[in-house]
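S.K.:
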Amino acid sequence: MTAKKSLGIDTEEMASRPALGIDTEELASCVSCGLCLPHCPTFRVTGEEWASPRGRISAMRQVQDHGMAVDESFLASMDSCVQCRGCEPACPSGVPFGSMMEATQAELARRRRVDWRRWGFRVLGHRWLLSLLSRSLAVVQRLRLVPSKRLGLPKIPLVQERLRATGNDVWLFTGCVMDAWQRSTHASVKRVVESAGAGVALPSPGAACCGALSLHAGLEDHAHALAARTMKALEGSAPILVDSAGCGAVLKEYGKHLGTPEAVAFSERVMDVHEWLAAQADQLPSVGERRRDVIVAVHDPCHLRHVQRAHQPVADVLSSYVTMVTLDDEGLCCGAGGAYAAMQPELAASIRDRKLEAINRSGADIVASANPGCTIHLANAGVDVRHPLEIVDEAIDYDG
Amino acid sequence: MKFRKADPLMRDLRRVLPSDRVRVAPLERSIMGRDASIFEGGRAGPVCFPISTEEVQGCVDAARRHGRAVVPRGAGTGLAGGAVPLEEPVVVVATKMNRLLSVDADQRVAWVQPGMINLDLSRALAPYGLHYAPDPSSQQVCSLGGNVGTNAGGPHCLALGVTSAHVLAAEVVLMSGESVVLGDADGWTPGLDLRGAYVGSEGMLGITTAIAVRLTRNPPAVETLLLAFDSVDAAAQTVSAVIADGIVPAAIEMMDKNIIWAVENFVGAGFPTDAAAVVIVEVDGLPGGVAAEADRVAELAVERGGSVRRATDDEERALIWKGRKSAFGAIAQIKPNYYLHDTVVPRTRLAEVMNQVYEIVDEHDLQVMNVFHAGDGNLHPLLLYDAREPGIMERVHAAGSAIIEASLAVGGVLSGEHGIGIEKRDFMPLMFSEADLDAQARLRRAFDPEEMANPGKVLPTGASCAEVNALGKVPEGVWG
Amino acid sequence: MAVVGGRTQWEIGGQCPEETRLVRAPAGVRGFDPADMTIRVGAGTPVEELDAALAEAGQRANLPVSPGATVGGVLAVGRDDLHALGRGRLRDALLEVVYVGDDGRLVTAGGPTVKNVSGFDLCRLLAGSLGTLGLLGEVILRTWPRPAAQQWLAGPCDPVELRRSMYWPSSILWDGEITWVHLEGHESDVKSEAELARSLGCEPTDGPPPLPAYRVPTGALEAGQPTGSYLVQIGTGMAYVSEPRPIPGPGPAVVTLHQRLKSEFDPRGRLNPGRDPLAA
Chain A
-10 MTAKKSLGID
0 TEEMASRPAL
10 GIDTEELASC
20 VSCGLCLPHC
30 PTFRVTGEEW
40 ASPRGRISAM
50 RQVQDHGMAV
60 DESFLASMDS
70 CVQCRGCEPA
80 CPSGVPFGSM
90 MEATQAELAR
100 RRRVDWRRWG
110 FRVLGHRWLL
120 SLLSRSLAVV
130 QRLRLVPSKR
140 LGLPKIPLVQ
150 ERLRATGNDV
160 WLFTGCVMDA
170 WQRSTHASVK
180 RVVESAGAGV
190 ALPSPGAACC
200 GALSLHAGLE
210 DHAHALAART
220 MKALEGSAPI
230 LVDSAGCGAV
240 LKEYGKHLGT
250 PEAVAFSERV
260 MDVHEWLAAQ
270 ADQLPSVGER
280 RRDVIVAVHD
290 PCHLRHVQRA
300 HQPVADVLSS
310 YVTMVTLDDE
320 GLCCGAGGAY
330 AAMQPELAAS
340 IRDRKLEAIN
350 RSGADIVASA
360 NPGCTIHLAN
370 AGVDVRHPLE
380 IVDEAIDYDG
Chain B
6 MKFRKADPLM
16 RDLRRVLPSD
26 RVRVAPLERS
36 IMGRDASIFE
46 GGRAGPVCFP
56 ISTEEVQGCV
66 DAARRHGRAV
76 VPRGAGTGLA
86 GGAVPLEEPV
96 VVVATKMNRL
106 LSVDADQRVA
116 WVQPGMINLD
126 LSRALAPYGL
136 HYAPDPSSQQ
146 VCSLGGNVGT
156 NAGGPHCLAL
166 GVTSAHVLAA
176 EVVLMSGESV
186 VLGDADGWTP
196 GLDLRGAYVG
206 SEGMLGITTA
216 IAVRLTRNPP
226 AVETLLLAFD
236 SVDAAAQTVS
246 AVIADGIVPA
256 AIEMMDKNII
266 WAVENFVGAG
276 FPTDAAAVVI
286 VEVDGLPGGV
296 AAEADRVAEL
306 AVERGGSVRR
316 ATDDEERALI
326 WKGRKSAFGA
336 IAQIKPNYYL
346 HDTVVPRTRL
356 AEVMNQVYEI
366 VDEHDLQVMN
376 VFHAGDGNLH
386 PLLLYDAREP
396 GIMERVHAAG
406 SAIIEASLAV
416 GGVLSGEHGI
426 GIEKRDFMPL
436 MFSEADLDAQ
446 ARLRRAFDPE
456 EMANPGKVLP
466 TGASCAEVNA
476 LGKVPEGVWG
Chain C
133 MAVVGGRTQW
143 EIGGQCPEET
153 RLVRAPAGVR
163 GFDPADMTIR
173 VGAGTPVEEL
183 DAALAEAGQR
193 ANLPVSPGAT
203 VGGVLAVGRD
213 DLHALGRGRL
223 RDALLEVVYV
233 GDDGRLVTAG
243 GPTVKNVSGF
253 DLCRLLAGSL
263 GTLGLLGEVI
273 LRTWPRPAAQ
283 QWLAGPCDPV
293 ELRRSMYWPS
303 SILWDGEITW
313 VHLEGHESDV
323 KSEAELARSL
333 GCEPTDGPPP
343 LPAYRVPTGA
353 LEAGQPTGSY
363 LVQIGTGMAY
373 VSEPRPIPGP
383 GPAVVTLHQR
393 LKSEFDPRGR
403 LNPGRDPLAA
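Residue numbers (the working numbering), protein chains in the order written: chain A, -10 to 389; chain B, 6 to 485; chain C, 133 to 412.
Below, the structure written as structure tokens:
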């Protein structure tokens, strides 16, 4: 079976561009020790080398260095990657896997003649369009016209409360899908941040999307355009607080992706909201009695743990308000991976099953996760999962 | 070679396994062409992922009918090329057979499937207060089936012995297709120790489908000491002194200056970067003996000019071990490639051979780092290089040969725990006579008369010439 | 042709025909550096002599020290002593062996270091082979420190519970009523573990009970109604019985492997004829 027939790959284009455009030094840096294998969610559930970081790098080398054709099995290997980057902290040689995967995806995107993602992710950049589509989806959901669970969709609210700025001490990055589907989370985050004495500024409409999904799908140009817009909307020098781990990771890497001094300066202002709160721990109000006995397990979003490496503050902030338990799976991915759960439903579900087992073993009542993708994916499996700051918001005794 | 669905071997394999568990795409086969060794030129035939003993038997039967060799593979973390497929054999991968089958805490035995990860087993045993003693540095990823294949060691094998001492029985699929249990999970059965002959046979006697492992009780007391020295000699002499004093610590590990520096940059384990060498000594057991031995070790170190730091809690202990176990990767900060050797020398000759290693490396204008199981005399010189530098491989291989010769000259051996594979196959005659090698070949033939299991490894005899010539990109004569 | 040692276990696994030519292996300590904790000896060395040489350096080998027995004999028969639970298996003591093959050639298996995976592990195969694959000539053994203190205790306690409570007893024996336990190690540890054993109903005693004559796998005890007395060596799979009893036989594939090994290593049946490791 040829790739052309089934995957819409432009084979002529392929022949004229044999390399994947991966940095040669990066590609040479893997020594194949295999220490990444147990930290890769897709290897954990399949046990197959092509679904592991070492196997994927080996495949990239076959194509880039040895001229092997991009075929179905190559695409399967690349597209099955959640891009959680759990392999990066595990790699003793510091192989920049995420960067190589992004380069590969960018190249594959150029070669794919038809890709719904090209059009799908464009929506994310248009707040009015996303809002319109979301509201339609909410109505359709209520009429039970779409199989939301199978599609991995959360219940989308019909009416959203409006957020109002309260100052200029910090920016709260609101994002695209999250703002449209989970604005109540932003509201909780905003209350908690304000309770620490900061006035919160909000981006104007238009700074809608960080570009993460486009970037992971290899749609670099689109991602860069979104980045430019976002940087313009969050000007000044105030810290930019992000309550979505996936967005935070990309915002922190604008400097690397765009390479301009402005982008570097922008990225330096970006903080996960928990990082900021952990530093203001003494400013935070005390806990109301009612939440102390709740047992919470933190599921670290990959882009917080592996990319930002800033998962510890989440536990630090939460631990003053609830009883914490630790999951024993070494922070393995839950399988959400942005649009991954929709693109690779079977693998995503198998990966989630492992996470569910760890959650069951932990005895937690509630799972906290600071990324909308994770919360949606886990909630679809019946887990009571909230944003950590929703739990804090509920636990804070604002009157006391 | 292209495999088509109509290929008779494929047809037979797909009778045994569902098609998604027999992989033939060129890319998937090329990915399976290597393990964690430096050999990249392997060529896999169909890659099979069985999930039961019966399926493994089916794979072997199909391969035999079509005159194909069979290569078993675990996690692919071997460093001697033992899992590198030559001549497009049927590759039987154990990773989907990764379950803990049973635990008998009173009898201290567990049955596991071969694809189970070493560390996952010890994690699963934690609630029982037990663990599986052999702890290779790759234990977070290597499989127990692979451990059986190489008779793997690890830091904590000094007092408790390597894999062979912890395997009670193995269920094995022979190349006849028969399944047989070698050894006895209860501990003893009359007859030859077939189990002992099988452990460490590098996949050349059969395919492991289940393993009965001996479980070890967690020690009630542990002391971990980090000893720092101004010279490698003083460190090596302290190691000898500890052994000579009648102490058998749970582990004695040594790291030299270069690797200390690299590890500190990588994980920050609090190692003294101004020391010429550090030695990690761990003693465990009952509190009285542990305290006395730890005191004595500290004394012996101080007498030889060493400084002593004792881990005050589990966290500090874990950090010290993290530093040790991260060592191999940390070197990537210095050069992109490394070649890791694995010779063993008598413990009294340690200092002498270490000095020779430094001289050899100087002569060949290379960099070396040493991080190794000093208590066993098991050296692990890491030669650092950048493979893109012209002519570098010749120097790396020449230095490697010289290190092996220096080790053998003082009564040492070729490999302490990584195995022979294809890496050291052609060095076997340096250690063994023709008659010695013939005896090993006899063992091989008794199990596998047609030499169908993992051919071309370990034994340098003419018997496997066809496969040797099929090394593909592997440099001829292994060291090129 | 057969090597004769001390004839202390001469009839185990069958008897050599009368016309068998008997030879003796060389005797004596060939090399011993206490700091290496390995010793090289001729296989004909009496175990008592080995033990005395090691004792001077405060060491011992994990070989049963029975009067008259030789190192080679003890290794060829391969029977663990009563301390396999704590000290490990006899077969693991053997690091290197030089043996005479069926064609009269000298063969070296294993290596002199405490850790070695160079080639197949023929040492394990030769330990307990009753000399049927090769005649042991010289061996290198791993040695261990002699413990500072040791103590036997016995009493009517549950052996499984005893094992659960103690950290590292070197031996636990059970005859169906009485449990014997042997402790060794640092003085204060032996003392505290002995206290523990006493709390479970054991009292100090001089030594282990006499061993019933026949060694069987513990599986054989479960198989039939017990007749006569027995002693179970807890945690090792071994038991001793006063009356011979049927032992569950090995499967056909195991028997075939034994036959093939014999015909590869000794195609003409010259080595220790009449003896069969499966019958040991």
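The beta-carbon is built from N, C-alpha and C at its ideal position, and this holds for glycine as well.
In this text the structure is predicted, and so the values were computed from the model without any measurement.
1. For A8 (chain A), tell me which candidate among A:Q53, A:C70, A:P290 has the shortest Cα-Cα distance.
2. Measuring straight from C-alpha to C-alpha, what distance separates T77 (chain A) and G87 (chain A)?
3. Helix or strand or just coil, what does DSSP make of W300 (chain C)?
4. Using a beta-carbon distance below 8 Å, is K463 (chain B) in contact with chain C?
5. Tell me the DSSP secondary structure of G138 (chain C) in three-state form.
6. Please state whether the Cβ-Cβ distance between P349 (chain C) and D191 (chain B) is less than 8 Å.
7. Rounded to whole angstroms, what's the CA-CA distance from Y458 (chain B) to V20 (chain A)? Just pull it up for me.
8. Count the C-beta pairs between the stretch 422 to 429 of chain B and the stretch 394 to 404 of chain B that are closer than 8 Å, then say yes if the count reaches three, no if not.
9. Give the secondary structure of E481 (chain B) by DSSP, where H, G and I count as helix, E and B as strand, and everything else as coil.
10. At 9 Å on the CB atoms, spell out the chain A contacts of R39 (chain B), in chain order.
11. Could you name the residues of the same chain whose beta carbon sits closer than 6 Å to that of V276 (chain A), not counting the 5 residues immediately before and after it, in chain order?
12. Can you tell me whether DSSP reads F377 (chain B) as helix, strand or coil?
13. So, are the CB atoms of E316 (chain C) and P279 (chain C) less than 8 Å apart?
14. Just to make sure I have the definition right: I need the residues of chain B whose C-beta is within less than 7 Å of the C-beta of G220 (chain C). Which are they?
15. Leaving out five residues before and five after V473 (chain B) in sequence, what residues of the same chain have Cβ atoms less than 6 Å from its Cβ?
16. My output table needs one value for D261 (chain B): the three-state DSSP class, helix, strand or coil.
17. Evaluate contact between the stretch 356 to 364 of chain A and the stretch 324 to 333 of chain A, counting only Cβ atoms and requiring at least three cross-stretch pairs below 8 Å.
18. With a threshold of 8 Å between beta-carbons, can F397 (chain C) be considered close to chain B, or not?
19. What does the alpha-carbon distance come out to for the pair E481 (chain B) and V203 (chain C)?
20. Counting pairs of beta carbons, one from the stretch 171 to 188 of chain B and one from the stretch 54 to 65 of chain B, are three or more of them closer than 8 Å?
21. If the cut-off is 9 Å on Cβ atoms, which residues from the stretch 79 to 94 of chain A count as contacting chain B, listed in chain order?
22. In its own chain, which residues sit with a C-beta less than 6 Å from the C-beta of A252 (chain A), not counting the 5 before and 5 after it?
23. On a CA-only basis, which of A:V159, A:V285, A:V182 is nearest A353 (chain A)? Give me that one, please.
24. Is any beta-carbon of chain A found at less than 8 Å from that of V146 (chain B)?
25. Strictly by DSSP, which residues pair up with H136 (chain B)?
26. With a cut-off of 8 Å, does the C-beta of A299 (chain B) fall near any C-beta of chain C?
27. Does the CB of Y362 (chain C) have a neighbour CB from chain B at under 8 Å?
28. Anything in chain B within Cβ reach of P27 (chain A), meaning under 9 Å, just list it in chain order.
29. Comparing alpha-carbon positions, which option in B:G79, B:L163, B:R113 lies nearest N123 (chain B)?
30. Distance check for L403 (chain C) and P149 (chain C), CA to CA, integer angstroms please.
31. Are V239 (chain C) and A239 (chain B) closer than 8 Å when you measure CB to CB?
32. In angstroms with no decimal places, state the Cα-to-Cα distance between P132 (chain B) and V108 (chain B).
33. One question on the structure: do V272 (chain B) and S331 (chain B) come within less than 8 Å of each other, judged by their Cβ atoms?
34. Quick one: Cα of T214 (chain B) to Cα of V117 (chain B), how far?
35. Can you tell me which of the three DSSP states A49 (chain B) falls into?
36. Output, in chain order, the set of chain B residues within a Cβ distance shorter than 8 Å of I435 (chain C).
M.R.: Reading off the structure:
1. A:Q53
2. Per the sequence presented here, residue 77 (chain A) reads as Glu, with Thr not at that position. So the two alpha carbons sit approximately 8 Å from each other.
3. coil
4. In the sequence under discussion, the amino acid at residue 463 (chain B) is Val, which differs from the Lys named in the question. It does; some Cβ of chain C falls within 8 Å.
5. coil
6. yes
7. It should be noted that the sequence gives Ala, not Tyr, for residue 458 (chain B). Cα to Cα, the separation comes out at about 27 Å.
8. Per the Cβ contact rule, the stretch 422 to 429 of chain B is not in contact with the stretch 394 to 404 of chain B (fewer than 3 Cβ pairs under 8 Å).
9. Low local confidence applies: a pLDDT of 29 at E481 (chain B) is under 50, so the model's placement there is unreliable, and no value is given.
10. S21, S47
11. Y310, A384
12. DSSP places F377 (chain B) in strand when its eight states are reduced to three.
13. Result yes, Cβ atoms of E316 (chain C) and P279 (chain C) sit closer than 8 Å.
14. G166, A170
15. Confidence at V473 (chain B) is low in this model, with a pLDDT of 37, below 50, so the placement of that residue is unreliable and no value is reported for it.
16. strand
17. yes
18. yes
19. Because E481 (chain B) carries a pLDDT of 29, less than 50, the predicted location of this residue cannot be relied on, and no value is offered for it.
20. They touch, by the three-pair rule.
21. A79, C80, P81, S82, G83, V84
22. Y243, G244
23. A:V285
24. yes
25. B:T221
26. no
27. no
28. A80, I122, L124, D125, Q145, V146
29. B:G79
30. 12 Å
31. No, Cβ-Cβ distance for V239 (chain C) and A239 (chain B) is not below 8 Å.
32. Rounded to whole angstroms, the gap between the alpha carbons of P132 (chain B) and V108 (chain B) is 11 Å.
33. yes
34. C-alpha separation (whole angstroms): 9 Å.
35. coil
36. This structure cannot speak to residue 435 (chain C), because chain C is shown only from 133 to 412.
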